[in-house]
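Enquirer:
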Amino acid sequence: MISNKKNLLYTTANQVVILIFLLLFNKIIAQVFSKEEVGEYFAIMSYSTLFSLCLFAPFNQYFQREFHTLNRIPIFNFLIFLLIPAIVSMVIIYVIDFENKALITTLVILFGLKDPFLGFFNQNFDKAILFWLNFFGGITKISFVTVPFLIYLLPNKQAISAQAFSVLIIILMSVVILVKKQSFQLFSKTKFDFIFQRRLYIISLPLIITSLIGWSRDMGVRSILSVKLTAADVASYSLMQGVSNLVPTFLLSVFSLYFLPKIFNETISFKKAAKYVCAVSIISFFILYMIFDTFSSQLVVLFLDIQYVSDGYLISSLLLPNFLFSIIGFLNSYFIFHRITSRLIAPNLIVALCLLVLMSVYIDKLGLYGVSWIISAVAIINILLIAFLIKTSRSENE
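Numbering of the sequence shown is given in my numbering, commencing with residue 811 and proceeding in unit increments.
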């Protein structure tokens, strides 16, 4: 186990590497591919993440929650259990009239299998391993859109292929590392009883709705835009959102990776961690808003391509909801820690309904300009509901 200082250093370095490769990848596809091709890539990603977030991620949260208890689940037992959501995903994808069904199915399964490995290393405080996994995954993704002989292997689908192979590399490296470490029980023929335990579903199933709202506020917006507007609009929104969400995503990842294992281990109180998260997020928002609002055109040219300059206003206008959702993402861990995720059902249904109604009614009239206003309104409603729930839950426990 590494020291707290090295732990934080690797945690920060890991998120920096992820964001650098994200920036490079977005810049490359913005310059190399047309807006329509980029829009198709983000549309496929939005459908893929819908299934991985709703059918895999909730159970992965339970897997991580039990990591530091006597009920720890051997990781390969858990991966076998994930065959169930994998089969459900495949059936739904092939029943619904999706284009690119094979690509979507492949990405769903890869995303679903990757997260337990990353969760395992995070809960075990193997931050150095996480760093190298994401580093080589990023190298793979960039290679598939820049190295000529790799580009010609999979014509017309380079961006999606790059994403798929980067995740595959992370999975394969994780398997090799775990087999070599042999410091944990990785598989047991007798430890499948967790599948029949009620608490697996009591904790996990409400998180499906939480995951759905998490998907709807970003990838879901892209899906609606692909139907209501054009592929070019999907590309513009997605790339601007990528730049705007860089720092909020980075901060949430650092907060989660650093604080959540400590909260689950009860070495720090949730209240203390939440105050720190909110303070840093508020200060960061005001500083970044002034920078993004002043230099939006320059940022678009720097991070993307000149053809997207006209949509640069989205970078600053999406900053508020991005920071609010970052804070919400951390606050949701309170309900996971106290095993009261069922209380998230009502507020998340309300938020999802608000987002769907507002997008459906107003996006045709307002276009891309209205997206930031709609998402901001939904984010404010969401954080007020979550704050109220935490306050009432804490009052009950006192």
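From the three backbone atoms N, C-alpha and C, an ideal C-beta is built for every residue, glycine too.
Take S899 and list the residues in its own chain whose beta-carbon comes closer than 6 Å to its own, dropping the five residues that flank it on each side.
Expert: Mapped onto the sequence shown, residue 899 falls at position 89. Here the set comprises F861, L865 and V918.
Enquirer: Should L1077 be labelled buried (16 or more other beta-carbon atoms within 10 Å of its own) or exposed?
Expert: To locate residue 1077, count along the sequence shown from 1; it is residue 267. In the sequence on display, residue 1077 carries Thr and not Leu. When all chains shown are included, T1077 counts as exposed.
Enquirer: Within a Cβ cutoff of 8 Å, which residues of the same chain sit near F1043, ignoring the five residues on either side of it in sequence?
Expert: Translated into the one-based positions of the sequence shown, residue 1043 becomes position 233. One point to set straight first is that residue 1043 is Asp, not Phe, in the sequence displayed. Counting only Cβ-Cβ distances below 8 Å, and skipping sequence neighbours, we find G849, L1035, G1177 and L1178.
Enquirer: Ignore the nearest five residues each way along the sequence and tell me which others in Q824's own chain have a CB closer than 7 Å to its CB.
Expert: For the purposes of this step, residue 824 is identified with residue 14 of the sequence shown, where counting begins at 1. Note on identity: in this sequence residue 824 is Asn, with Gln being the wrong assignment. Same-chain partners within the cutoff: K937, L940, F941 and N944.
Enquirer: Only counting runs of 4 or more residues, tell me where the alpha helix (DSSP H) segments fall wholly within the stretch 826 to 898, in order along the chain.
Expert: For the stretch 826 to 898, whole alpha helix (DSSP H) runs of length 4 or above, ordered along the chain, are 845 to 861, 867 to 875 and 885 to 891.
Enquirer: Count the other C-beta atoms from every protein chain shown that fall within 10 angstroms of the C-beta of A1089, then say buried if there are 16 or more, exposed otherwise.
Expert: Taking the sequence shown and counting its residues from 1, one reaches residue 1089 at position 279. Exposed: under 16 other Cβ atoms inside 10 Å.
Enquirer: How is Y1150 classed by DSSP in three states: helix, strand or coil?
Expert: As a first step, residue 1150 must be located in the sequence shown, where it is residue number 340. The amino acid at residue 1150 is misidentified as Tyr; the sequence shows Ile. The answer is coil: DSSP assigns I1150 none of H, G, I, E or B.
Enquirer: So P1071 packs on S1136, CB below 8 Å; how close in whole Å?
Expert: Translated into the one-based positions of the sequence shown, residue 1071 becomes position 261. Translated into the one-based positions of the sequence shown, residue 1136 becomes position 326. Contact doesn't hold; Cβ gap of about 19 Å is too wide.
Enquirer: Quick one: is S1048 buried, meaning 16 or more other Cβ sit within 10 Å of its Cβ, or exposed?
Expert: Walking along the sequence shown from the start, residue 1048 turns up at place 238. Label assigned to S1048: buried.
Enquirer: Buried or exposed for F1140, please, with buried defined as at least 16 other CB atoms from any protein chain shown within 10 angstroms of its CB.
Expert: For the purposes of this step, residue 1140 is taken as residue 330 along the sequence shown, with counting starting at 1. When all chains shown are included, F1140 counts as buried.
Enquirer: Mapping the DSSP letters down to three states, classify S1079 as helix, strand or coil.
Expert: As a first step, residue 1079 is located in the sequence shown; it is residue number 269 there, counting from the start. Correct three-state label for S1079: coil.
Enquirer: Consult DSSP for N934 and reduce its assignment to one of helix, strand or coil.
Expert: Counting from 1 along the sequence shown, the entry for residue 934 is found at position 124. Reduced to three states, the DSSP call for N934 is coil.
Enquirer: Here's a check: name, in chain order, each residue in its chain whose Cβ is nearer than 6 Å to the Cβ of I828, leaving out the five neighbours to either side.
Expert: What you label residue 828 is simply residue 18 of the sequence shown in a count that begins at 1. Within the same chain, I828 has close Cβ partners N944.
Enquirer: Given that a residue counts as buried once 16 or more other Cβ atoms are within 10 Å of its Cβ, and exposed if not, what is E876?
Expert: For this step, residue 876 is matched to residue 66 along the sequence shown. Under this definition E876 is a buried residue.
Enquirer: Between V977, V1064 and M855, which has its C-alpha nearest E909's C-alpha?
Expert: The sequence position of residue 909 within the sequence shown is 99, counting from 1. Of V977, V1064 and M855, the residue nearest in Cα terms is M855.
Enquirer: Starting from the Cα of M983, find the closest Cα among W1025, F946, I1200 and L1154 and give me that residue.
Expert: Taking the sequence shown and counting its residues from 1, the one referred to as residue 983 is at position 173. Checking every option, the nearest Cα to that of M983 belongs to F946.
Enquirer: Report back the beta-carbon spacing between V955 and A969 to the nearest angstrom; my notes put them in contact at under 8 Å.
Expert: Walking along the sequence shown from the start, residue 955 turns up at place 145. Walking along the sequence shown from the start, residue 969 turns up at place 159. Right, the Cβ-Cβ distance comes to about 6 Å (below 8 Å), so this counts as a contact.
Enquirer: Curious, which full-length alpha helix (DSSP H) runs of at least 4 residues does the stretch 974 to 1034 contain?
Expert: Those alpha helix (DSSP H) runs which fall completely within the stretch 974 to 1034 and span 4+ residues are 1008 to 1025.
Enquirer: Compute the Euclidean distance between the alpha carbons of N1192 and K991, then round it to the nearest angstrom.
Expert: Your numbering for residue 1192 matches position 382 in the sequence shown. Your numbering for residue 991 matches position 181 in the sequence shown. So the alpha carbons of these two residues sit roughly 42 Å apart.
Enquirer: Would A1168 and S1054 qualify as a contact pair, given that the criterion is a beta-carbon distance under 8 Å?
Expert: Taking the first residue of the sequence shown as position 1, residue 1168 is located at position 358. Taking the first residue of the sequence shown as position 1, residue 1054 is located at position 244. According to the sequence provided, residue 1168 is Leu. The question's Ala does not apply to it. Going by C-beta atoms, L1168 is not nearer than 8 Å to S1054.
Enquirer: Among residues of its own chain, excluding the 5 on either side of A867, which ones have a beta-carbon nearer than 6 Å to its beta-carbon?
Expert: Within the sequence shown, residue 867 is the residue found at index 57, counting from 1. Same-chain partners within the cutoff: S1021.
Enquirer: Looking only at its chain, what residues have a beta carbon closer than 7 Å to the beta carbon of L1010, apart from the 5 residues adjacent to it on each side?
Expert: By 1-based counting over the sequence shown, the position of residue 1010 is 200. Hits under 7 Å: Y872 and F1004.
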